[in-house]
Every structure is written in C-alpha cells, then in structure tokens.
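First up is the structure itself, then whatever we jot down about it.
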Amino acid sequence: MIDERFDAIVVGAGPSGNAAAYTLATKGLKVLQIERGEYSGSKNVQGAILYADALEKIIPDFRDDAPLERHVTEQRIWMMDDSSHTGMHYRSDDFNEEKPNRYTILRAQFDKWFSARVKQAGAIVLCETTVTELVKDIHGRVIGVRTDRSGDTIKADVVILAEGVNGLVGQRSDLRPEVAPDSVALAVKEMHFLPRETVEARFNLTGNEGVVIEAMGTITKGMTGTAFLYTNEESISVGIGCIVSDFVDSDITPYALLEAFKNHPSIKPLLAGSECKEYAAHLIPEGGYKAIPQLVGDGWIIVGDAGQFVNAVHREGSNLAMTTGRIAAETVVWLHRLRNPMTKENLSEYTRRLSETFVMKDLKKYRGIPALLHGNKGNFFGLYPKLISQAMQTWFRVDGIDKVSKEKEIFRSFRSARTLLGMMGDAFKLVRAWR
Amino acid sequence: MHIVVCIKQVPDSAQIRVHPVYNTIMRQGVPTIINPYDLFALEEALRLRDRLGGEVTVLTMGPPTAAESLRKTLTFGADRAVLLTDRYFAGSDTLATSFALASALGKIAADFGKPDIIFTGKQTIDGDTAQVGPGIAKRLAYNQLTYVSRIVETDLDAGEIIVERRAEGGIQLLKTKFPVLITMLEATNEMRRGSIENALLAARAEVVTWNATDIGIEDLTKCGLRGSPTIVKKVFAPTARSEKAQIIQAEGGPTGLAEALICEIFQRAPGVESDLYEFAASN
Amino acid sequence: MAEDTKPAPPAASGRANTKKELPEHFKAYKHVWVAVEIEHGQVHSVSFELLGEGRKLADKRGVDLAAVVMGDNRASLEEAARQAFEYGADLVYLVCDPTLAHYRNEVATRALTDIVNTYKPEILLLGATNLGRDLAGSVATTLQTGLTADCTELEIDEEGSLAATRPTFGGSLLCTIFTLNFRPQMATVRPRVLAMPEPTPGHSGTIVEHKLGLAEEDIVTKVLQFIADRDSDKAQLPYADIVVAGGLGLRSAENFQLVKELADVLGAEYGGSRPLVQKGWIPADRQIGQTGKTIRPRLYIAAGISGAIQHRVGVEGADLIVAINTDPQAQIFEFAHLGIVADAITLLPALTEAFAKRLRVNRLAG
Ligand SMILES: Cc1cc2nc3c(=O)[nH]c(=O)nc-3n(C[C@H](O)[C@H](O)[C@H](O)COP(=O)(O)OP(=O)(O)OC[C@H]3O[C@@H](n4cnc5c(N)ncnc54)[C@H](O)[C@@H]3O)c2cc1C
Ligand SMILES: Cc1cc2nc3c(=O)[nH]c(=O)nc-3n(C[C@H](O)[C@H](O)[C@H](O)COP(=O)(O)OP(=O)(O)OC[C@H]3O[C@@H](n4cnc5c(N)ncnc54)[C@H](O)[C@@H]3O)c2cc1C
Ligand SMILES: Nc1ncnc2c1ncn2[C@@H]1O[C@H](COP(=O)(O)O)[C@@H](O)[C@H]1O
Chain A
-14 MIDERFDAIV VGAGPSGNAA AYTLATKGLK VLQIERGEYS GSKNVQGAIL
36 YADALEKIIP DFRDDAPLER HVTEQRIWMM DDSSHTGMHY RSDDFNEEKP
86 NRYTILRAQF DKWFSARVKQ AGAIVLCETT VTELVKDIHG RVIGVRTDRS
136 GDTIKADVVI LAEGVNGLVG QRSDLRPEVA PDSVALAVKE MHFLPRETVE
186 ARFNLTGNEG VVIEAMGTIT KGMTGTAFLY TNEESISVGI GCIVSDFVDS
236 DITPYALLEA FKNHPSIKPL LAGSECKEYA AHLIPEGGYK AIPQLVGDGW
286 IIVGDAGQFV NAVHREGSNL AMTTGRIAAE TVVWLHRLRN PMTKENLSEY
336 TRRLSETFVM KDLKKYRGIP ALLHGNKGNF FGLYPKLISQ AMQTWFRVDG
386 IDKVSKEKEI FRSFRSARTL LGMMGDAFKL VRAWR
Chain B
261 MHIVVCIKQV PDSAQIRVHP VYNTIMRQGV PTIINPYDLF ALEEALRLRD
311 RLGGEVTVLT MGPPTAAESL RKTLTFGADR AVLLTDRYFA GSDTLATSFA
361 LASALGKIAA DFGKPDIIFT GKQTIDGDTA QVGPGIAKRL AYNQLTYVSR
411 IVETDLDAGE IIVERRAEGG IQLLKTKFPV LITMLEATNE MRRGSIENAL
461 LAARAEVVTW NATDIGIEDL TKCGLRGSPT IVKKVFAPTA RSEKAQIIQA
511 EGGPTGLAEA LICEIFQRAP GVESDLYEFA ASN
Chain C
13 MAEDTKPAPP AASGRANTKK ELPEHFKAYK HVWVAVEIEH GQVHSVSFEL
63 LGEGRKLADK RGVDLAAVVM GDNRASLEEA ARQAFEYGAD LVYLVCDPTL
113 AHYRNEVATR ALTDIVNTYK PEILLLGATN LGRDLAGSVA TTLQTGLTAD
163 CTELEIDEEG SLAATRPTFG GSLLCTIFTL NFRPQMATVR PRVLAMPEPT
213 PGHSGTIVEH KLGLAEEDIV TKVLQFIADR DSDKAQLPYA DIVVAGGLGL
263 RSAENFQLVK ELADVLGAEY GGSRPLVQKG WIPADRQIGQ TGKTIRPRLY
313 IAAGISGAIQ HRVGVEGADL IVAINTDPQA QIFEFAHLGI VADAITLLPA
363 LTEAFAKRLR VNRLAG
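And the structure:
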C-alpha cells in the first residue's frame, strides 16, 4: 500500500515533462515524474534545434552547464529536385551574440541534463516505468496512475500528461482521440560522425558556430514532408519525414527515403567519410491548431507533443513543449497555493494563459497550412521544385542562347506544366494560409 | 544471511565509437549500464535472500555517477548500496581494484555484518578480465567458486553450499563452506522487475558513500594507478587488412554463383577440397 | 588490465610504475613458463599453442622454456611432459599429488604459487579457459603481480619486457599492456588465438619434480561429481576445420536451418553471431566472436553477418573467409577473402546443393 500522495505526477520526461516537473519542484510541490525509458532522453528523437528563449524562461542560466553542441549562425533553405538544389542562405555574425538564440543539441544528452536538474530541484524521477493507466474515482476524476510495475496505485492531485505524440495513456483513458495518420509525420534520422575539424571545414564554421539546412522538394517523392541536416560538434544529424498517411499510400519506406536523400548529389559530399552510428524513427504531430485535443479535465492536463503542440512550418516543437509544460505547472502551482481543487474548470486557466502566448498564436496563424500542403502535395513536392530547378539551370547555363529566349523558355515550362490559374491559386492559398 | 554483490558500472560498449581519424574513443553520448554479467549475480543473490532471509548489500567502486547504477539495484530489491569512490582509485587495474574492494568489504563486515557469500559477475564487458572476483576471494581468504551455473543447495546450519560449476568439458558438482565468493555464469536466471514500492524507495534511498580513508586504507600506493602492476602503454584500433574481399560474380543465378564460389574455394584451399572428398567417402 | 583504459596512452611523466625499475629481488626471475592444463588425463590444446608461442618468447629472451604439469596420475603427467618437450619445452616442473585429482582452485593456486616462488619465472602463461582464468586470477593476486587476460598477441619489446596485446572496450580497440616492475609477468590467451605449432618428435628435456605436501583433510572444497558434456550435443567450434555461420541477415530461426544444412553436407560445425544467441536461435556455445568462441578453421563461411569488430576478432585466424551479404558495403568484406553480394536465403541452398553434387560425383568417380 502506498499511503503517500503527491501534489502532481508528470507522465514522461521529454522537454514538456521536464519543464513541468522542474517548475513544480522549484516551487516546492511534491512531484513524481515517471518515464518509461531507461533515462530521460533514452527514447527521444529530435533533429535537434533548441530554441533558447523557451528554456531561458525556465532555467535562466542553462548555458552554464547544459550540453549544447553548436549555436546556429547560418540557416539554409533548399528547394531540391533529383539532381540540384536552389537555395537561400542566411548567415549573420549577429548570431554570434553573447546569448545565442538557437543551438543544435543531442537529445539524449540534453534530456539527461534537464532531468538531473529536475532531480536537483527535488522531484522524484522514476525511470524504466511505464504509466499504463490513469486511475479515476467514481466521479470520473483522475486521482492517480498505475504503472507496469507490480504494486499499488500512486495518487496525486493532478496528473500532467507529457507523454509525447502517441499519447497512449490519455487515449486509453478516453481523454483524447487517437492521432490521425494524416496529422502526424514519421521522421527518420541518422547521426553521422565526423571529426570536429572536418565539420568546421565543410561548413565554413569557426568555434561553436553551426549550420542548419532545411530542405523540401522531390526528395520526398511527392509525399508531404521535409528533410534536414544539422551540424553538431563532432557529428551531423540528417533526417527526413513525411506524413504517415502518405507513407501508407506509397510503397516507399522511410529508410529508403533517407538513403536517397543522403545520396543526393547536394548532400552526399557533406556526409562523405562519416560513420553512421545511430538510426532512429519518431513521429511528429503535424495536425496543427485544428488537431489540438481537449487539454484539461478533472485532475489532468496535457502538455507538449501529446497536445499536438508543434509548429511544422517553422520546425518548432521542443520550445512549444517546454512552454506548455511550464505554463501548465505554473497553473497548478497557482491553484495549489490558493488551495483550489484541480477541477476541469480551474485548470482551464492553463488554456487561457496559453492563448496569450506565441504557442497558440502561431498555431492559429498557420492553421490552414497542413491541409494545404497535403492537398497539393503533387505540386509542392514534385512539380514546383522541378520547375524551379529547370528555370535556374536555363538561367545560369551560358550556351549562346539569348536571355529573352531563356526567359520565354522558363515561362513556357511553368505554364505548360501547370495552368497559370492553378499556379496563382496555389500561391494565393499559400499566402492566405500563412497570414 | 548477509550477501554482498559486486557490480560495476560500464560504458555500453555496443555504443562505443572509435574516432575515424585519431583512433581514440569517442565517449560522446555513450550511456553507462550495469555490467550485464553482474545482473545474473544480483538476481541469484536476491533469490537466495528471498528463500533464506537476510540482506543483500550491493557494492561498487567507481566514479560518483556510479550511484545511479547502485540505485537501480535498489529498484530490483537490494537492501543497501555502497559506493566506493575516491580519486585515488582512478586507473586501478584488477589487482588494485580487488585491493580496494576487499578493504571496503572489511568495513561492510564491521558495519553491517560479515558477508557469508560475495557474488561477482563472470566478467565485465569493459575490463573483460574475470580476475576481480578471484582477486577478492584470495585477499579475504574466501573459498572461491567461479563460473557457477546453479546453486544446488545451501545449508546455513552446517555452513555449506553445493553448486554446479562450468568447467572445461563438463560440469563440476562442488561442495564448499561459507564464507564463499561466487562468480555467476551468464544466462543462469533472469533479472526481476522491481515493484513500484521498491522503485519509490530506491528513488529516495541514500547510497552509502565511502572514500579510501573511510575504509581504512592507509597505504595509498596500493590504490589506483600507483597500485597497479599492469601498465597500458598503447591503445590503438585494429589495422584494416590491406586487401579487401574478392567479390565473386557469375551468370546463372544462385546456382551459377555457388559453382563459381566452390571453384574459387577449392583453388585457394586445395586441402579443404581433398578433406571434403575424404569426408564424403567415409560417409 | 587497467579498469579505466584511457583513450590515449597515459603520459609517462609523474607515474612511478611506467618506468622500468625492476626491484633487486625480482632480478633473479628468469625463463618463460607455460602452466599446462590437463583435464582427465588429456592436455588441453591451448597449452601446446602457448608452448609454441612461449618458445618464440624464450628464444627472443635467450632463456629456457618450461612447462608446469600438475595432477594425480604419474603416467599421464609423464605423457604430458613428453608432449611438452616435443612442443618445445626445455624443462618440465612436475607436481604429482592425490589432491590434484580434479581441478580445484585452492590446491592448484597453492601448487603453482609454490613453484613460482621456488623457481622464479619471468613470464608465466596460461590458457584463458575457465580453468586458466580461475587459476590465473588467484595466482596473480597471491603473488601480487600483474596479469593481462585474453591476449591476442605476445611480444618481447626492445627492453626485454613482455608486451601483451588484448582487445578492450568490447573489441573496438586493442591495447598493449606491460608489467614492468613485478614478476612474473602473467598473461592468459584464449584457445585458438595462437597457431598450433608443429611438434618435434623425440625432442626431450629435464623433468624437475616438486612436492606439494597437502593433505586432503586440509582442503575445504570437495568435488562431488563431474558430469562430462556428452560429445554429441557439444559444439566443437574452436577445433573445427570448416565452420558455417549465420547472422541476423537470415532473418528467422527457420532460415537458420539453411546454415545447418550446408554445415551437414560439409561435415562442418555451425555457429552464429551474438544476436542469434540473444534471440535464442542458437545455443550460447555456438556464438562466434570476442565474447563467444574464437575459431581457426581452414574455411569459414559467414552468411548474413555484418562483420562487427567483436565478431571479426573471433574469426580472423581462419585461413579462408567467405562472406555472403546483400550489402556490398558490409564490413565483413573488409576482412573476408572471398565475397558474394547476394541473398543468403537463396544462395545457401544453392551452395548446399552444389557442394553435395560435387561430393556425390567425386565419390562415384573415385
Ligand atoms: C526527427 C525530429 C526532428 C525534430 N526537430 C526538432 C527541432 O529541431 N526543434 C524542435 O524544437 N523540435 C523538433 N522536433 C519536435 C520535438 O522533438 C518534440 O516536439 C518534443 O520532443 C516534444 O516534447 P515532449 O516532452 O512533449 O515529448 P517527447 O519528447 O516525445 O517525450 C515524451 C516522453 O514520455 C515518455 N512516455 C511516453 N509514454 C509514457 C508512459 N506511458 N509512461 C511513462 N513515460 C512515457 C517517453 O518515453 C518520452 O520520454 C523534432 C521531432 C522529430 C521527431
Ligand atoms: C561487449 C560486446 C561483445 C560482443 N561479442 C560478440 C561476439 O562474440 N560475437 C558476435 O558475433 N557479436 C558480438 N557482439 C555484437 C556485435 O557488435 C554485432 O552486433 C553482431 O556481431 C552483429 O550480428 P550480425 O552480423 O548477425 O547482425 P547485423 O549487424 O544486423 O548484420 C546483418 C547483416 O546481414 C546482411 N543481410 C541482410 N539480409 C541478408 C540476406 N538476405 N542475405 C545476406 N545478407 C543479408 C546485412 O547486410 C548485414 O550486413 C558483441 C557486442 C558487444 C557490445
Ligand atoms: N570497480 C568494480 N566495483 C565493483 N565490482 C567490480 C568492479 N570491477 C569488477 N568488479 C566485479 O568483478 C567482476 C569481474 O570483473 P573483471 O575482472 O573486470 O572482468 C565483475 O563482474 C564485477 O562483479
């Protein structure tokens, strides 16, 4: 019999769960955090870019000891067809600021560090333990959890579900629906090891500067998705992801897609001579605003990926996870201090606070994008990249043909491939969805 | 009965990388685990305790972070965890390790009762020597049973234990007296999963932490690098064979390939060919 | 073996024992010894392998090679001594005592430390068998000297010290270890890691008999019974001439039958990579590699094995390595002699059939 009662139980030790547990524990609440992995981070996959701002609001001095790889000083965005890429690069020395804005990280190490901070703050962290179900009282209020270990229910005033994209616990307890295959992406990722000097030489980096490449185009074989390549200290993370329902409809495996991406003539030389040592696959919720489930109920709150808090357009996830984790925890602390019960009504303060932050505002802004891209995937992930590449090639190749003819040729190819009306329609839709 | 289990926290060697250029170990992100062989020892100890009563103390020598591995053994149900940590122990080889552990076992005997059985794993996956167990046994003058595959009988009153030991070419059935040091063979049992109560207890338990002075070591020259007769002078990556495999290609699908391969084998190893014919004839 | 092997060689400065300052009382230690392993009257072949290597080390040092034979049966001890001479020993220390009837740590440790202390060797080699490892650890601790386990290479360096090389960090790296300031320098080597030397029939030497003087009553541990492994179901991998092995590339336990079938036709032993043992497709004693068996066959056929370093170190002694793998980049092609890039699941039956046909044809013809 476990007589002990916790103020809060946090399910999951990813960025959202760690942010929540840390915030609760530093405010003196009695917190139990349960993670199914061997340690925090052992099961987690991310690119990974860390956005400093969200973490700074939780641990202001994180830069002192967090395991950060490189701070990002250059962003590349590539539109790719099978043999080329058309790119935009933005590099600025301004990013070499005292407190850089974005970092590349290795999640396994970063999460471990965060988890150590959570423990220091006084939370009890149980790893290798999976929460199997939420325990409810006769009124349907959540009063605790049961795990896959033998033994009793562990009780708490509130359970914070930070269990990530699958959200099985919430689903099993009918708190939220199953994630739909067309609102999650499956991403695969590899880590390629290279000596520090090689990474730096290949990407023109000094010290801890880093480069981020985001890419889209025919590399996803007509499926809705993107690819990325990030520089770490002594390695390169490379990955690609597409909407799950697209994978289901095609017979392409995620692994084959990644292989092809790695062998793309624009990518291959960047990875040459490296040793691949890690392969991982993970889901990313990409349904956006419209896919956000019910976030609070009697005795429970959902944070992070479990709540679909990912901004797919800007590849932001962990910052939304940390922010939602923090705000949920702050709400709980506030109610706890007022000695108010953790009812659905009281907890909905969390949703209210969220709506005032970038989290909800951004997701709302982009609410149309997922459907748009998915509905026009043939154009966005096949046709347009090819056309752009052709145009570039025609434009840059010097072959005795006059420039006026070249311009005409470019327009002709665009028009014959897709009606002007169709193209304008796409552009219009994109602008509208963006706004 | 008091049982001590010696465990070691080791880097998960499956995940160790060698730097492609410098041939040094890339430790980045390499997780540490409890030496897998030690889990068989721990489970056997827990089973004995569950059957006969008493306590299981887990002992490790290592860096402060090894406390995590110890905590995990408490989750499995061990009663007490002792961490031996001191910078003087750094660089210990097996002789220096067994010296430190034997000294700690002396204090364990004084503080918590003399161990009737000390368990170690068969070997570690990083050191891989299988020497530390025998080393401890000799230093403490315990009877030594290595490569034990089964504990057949324990008679506490008579102070006797009967075990099966994996020997070359067969199994020895051995009887000896307490106190005894046992190194447990792998795949002899399966580690239990601790209950949620154990897990909660473990998360909060204090790990007893001792340094060299605590365990009464006066002569520090017997510890760590200074106390280690073996010296690692060179670490290097295995050299690649200069010549890669000759890839056999042939027409005619698998059968064609098989034929071509056999020809090549017989050409390179005529001895194998004649032996095969002899074998076929004798069948 | 240092517990915490550093990636870089430890700096020589400031560490007393990295310099060679052999204490005066160790200077009398001379000669290379091999502790011969005898079980049930038979000498373990690892002892011959060690004698072959020991001979080379002794010649380099310009000293004698001695064998230690211990047991309770004079006739088989004398036979072992005769064989030891043929494999290069100049000298045999023979201990014959009823308490040595079966291997027991207590007695064997006492016997071996006794003669080491009496006759003082500078190098002492043992097989890294269960017996050898059990004994070496106890003896080294009793003598307070260094011991390097599971060596893959033994050398004498310019200064005349034993340089023992062994895998470390799960086989990803090798390290060379010295015992500079203590004697004897001890090392164990696994069976089949060293080549089997050719014996010199008729070569002979001196036998020195050593009395043990132990009484059975004084020995605590008793051997109640010995249950020999029945030859039939026991893998003889280390000594097989041909070994066929499979790896995860075979994808299922059923497909692994294809390996067994080929082995059957060739009269070969079969084995596999470690994941197969973990999955329960094959018993543990059929695992080949660093934590399994080291093999030295004349022909090794590896199907669906990637050739990880831990596997590689166990098979590199094979005369001819044939690899079948679908991935032309597989590591195994780095050290195999012959390679086929093909699906093992279709190639293995074809190979079995082709071999069977050859053998049939030959039998009819011959
Ligand atoms: C390939 C890839 C690249 C990405 N790149 C970026 C990027 O560059 N920048 C960025 O900001 N975001 C990125 N994201 C998104 C980001 O990783 C996620 O948004 C973020 O990890 C969400 O955090 P979380 O805590 O909600 O969930 P998670 O990190 O998924 O953590 C959930 C945790 O809960 C545990 N858990 C689950 N169920 C249970 C249970 N029943 N009991 C106990 N524990 C349980 C899991 O083991 C896990 O540790 C990327 C994602 C992927 C897949
Ligand atoms: C401490 C430690 C000790 C270890 N000791 C050992 C040891 O003693 N022995 C050992 O073997 N391993 C050992 N390992 C494990 C080792 O690191 C490797 O993981 C293991 O050898 C890989 O086994 P594999 O080649 O069967 O599988 P994989 O590495 O998965 O390789 C499978 C191979 O099959 C190929 N393939 C796939 N399909 C087919 C097909 N249809 N036809 C042909 N080829 C195909 C693939 O291309 C691939 O190369 C140890 C690891 C550690 C950490
Ligand atoms: N540092 C250590 N602390 C505690 N036990 C150890 C340590 N090193 C080795 N052991 C024990 O000794 C056994 C054999 O180790 P080794 O000789 O390194 O192969 C291991 O399985 C452990 O049980």
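Protein chains in written order, with our numbering: chain A, -14 to 420; chain B, 261 to 543; chain C, 13 to 378. A virtual CB, placed ideally from N, CA and C, is assigned to each residue, including glycine.
Report the option in A:206, A:269, A:327 and A:395 whose CA atom is closest to the CA atom of residue 66 of chain A. A:206
Anything in the stretch 354 to 388 of chain B with a Cβ closer than 7 Å to a Cβ of chain C? List those residues in chain order, please. 354, 355, 357, 358, 385, 386, 387 and 388
Unbroken stretches of the beta strand (DSSP E), 3 residues or longer, contained in the stretch 39 to 106 of chain C: 44 to 47 and 77 to 83
Could you please give the first and the last residue of the uninterrupted beta strand (DSSP E) stretch that includes residue 319 of chain B? 315 to 321
Kindly indicate if chain C contains any beta-carbon less than 8 Å away from that of residue 521 of chain B. yes
Count the other CB atoms within 10 Å of the CB of residue 283 of chain A; is the residue buried (16 or more) or exposed (fewer)? buried
From residue 171 of chain C to residue 334 of chain C, what distance separates their C-alpha atoms? 40 Å
Return no unless some Cβ of chain B is closer than 8 Å to the Cβ of residue 115 of chain C. yes
Compare the C-beta of residue 454 of chain B against all C-beta atoms of chain A and say whether one is closer than 8 Å. yes
Just to check, is the beta-carbon of residue 110 of chain A closer than 7 Å to a non-hydrogen atom of ligand 1? no
Rounded separation between residue -8 of chain A and residue 270 of chain B - CA only: 36 Å
Just how far apart, CA to CA, sit residue 412 of chain B and residue 315 of chain B? 20 Å
Quick check: the Cα distance between residue 131 of chain C and residue 176 of chain C, rounded to an integer number of angstroms? 23 Å
May I ask which residues mark the beginning and end of the alpha helix (DSSP H) holding residue 539 of chain B? 530 to 541
Is the beta carbon of residue 331 of chain B closer than 8 Å to that of residue 465 of chain B? yes
Starting from the beta carbon of residue 459 of chain B, find every residue of chain A whose beta carbon is closer than 7 Å, and list them in chain order. 111, 114 and 134
Does the stretch 96 to 105 of chain C come within contact of the stretch 75 to 88 of chain C, defined as at least 3 CB pairs closer than 8 Å? yes
Where does residue 39 of chain C land, buried or exposed, given buried means 16+ other C-beta within 10 angstroms? exposed
Quick one: using the 10 Å Cβ neighbour count with 16 as the cut-off for buried, is residue 244 of chain C buried or exposed? Here residue 244 of chain C scores only 40 on pLDDT, less than 50, and its place in the model is too uncertain to base an answer on.
Using three-state DSSP, classify residue 261 of chain A as helix, strand or coil. strand
I think residue 86 of chain A touches residue 95 of chain A, with their Cβ atoms under 8 Å apart; what is that distance to the nearest whole Å? Not quite, the Cβ-Cβ distance comes to about 16 Å (not below 8 Å), so this is no contact.
For residue 353 of chain B, is the beta carbon positioned less than 7 Å from some heavy atom of ligand 2? no
Can you find a C-beta in chain C that's less than 8 Å from the C-beta of residue 518 of chain B? yes
contact_flag[the stretch 258 to 274 of chain C, the stretch 355 to 369 of chain C] where n(CB pairs < 8 Å) is 3 or more: yes
Would residue 24 of chain A be called buried (16 or more neighbouring beta carbons within 10 Å of its own) or exposed? buried
With distance defined between alpha-carbon atoms, name the residue in B:408, B:522 and B:267 nearest to residue 322 of chain B. B:267
Do residue 319 of chain C and residue 347 of chain C have their beta-carbon atoms positioned less than 8 Å apart in this structure? yes
Ligand 1 and residue 174 of chain C: does the residue's C-beta get closer than 7 Å to at least one heavy atom of that ligand? no
Sequence-distant residues of the same chain with beta carbon closer than 8 Å to residue 200 of chain C, five excluded per side: 137, 138, 139, 140, 144, 145, 148, 159, 160, 161, 162 and 163
Any chance the CB of residue 297 of chain B is under 7 Å from a heavy atom of ligand 3? yes
In terms of residues, what are the limits of the beta strand (DSSP E) holding residue 337 of chain C? 332 to 337
Segment limits, beta strand (DSSP E) that includes residue 179 of chain C: 174 to 180
List, in order along the chain, the chain F residues whose C-beta lies closer than 7 Å to that of residue 428 of chain B? This model lacks chain F altogether; the protein chains it does include are A, B and C.
Look up residue 320 of chain A in the DSSP assignment and say whether it is helix, strand or coil. helix
Under 8 Å by Cβ, that's how I've got residue 153 of chain A and residue 285 of chain A pegged, so tell me the actual separation to the nearest angstrom. So it is not a contact: roughly 14 Å between Cβ atoms.
Heavy atom of ligand 2 within 7 Å of residue 269 of chain A beta-carbon: no
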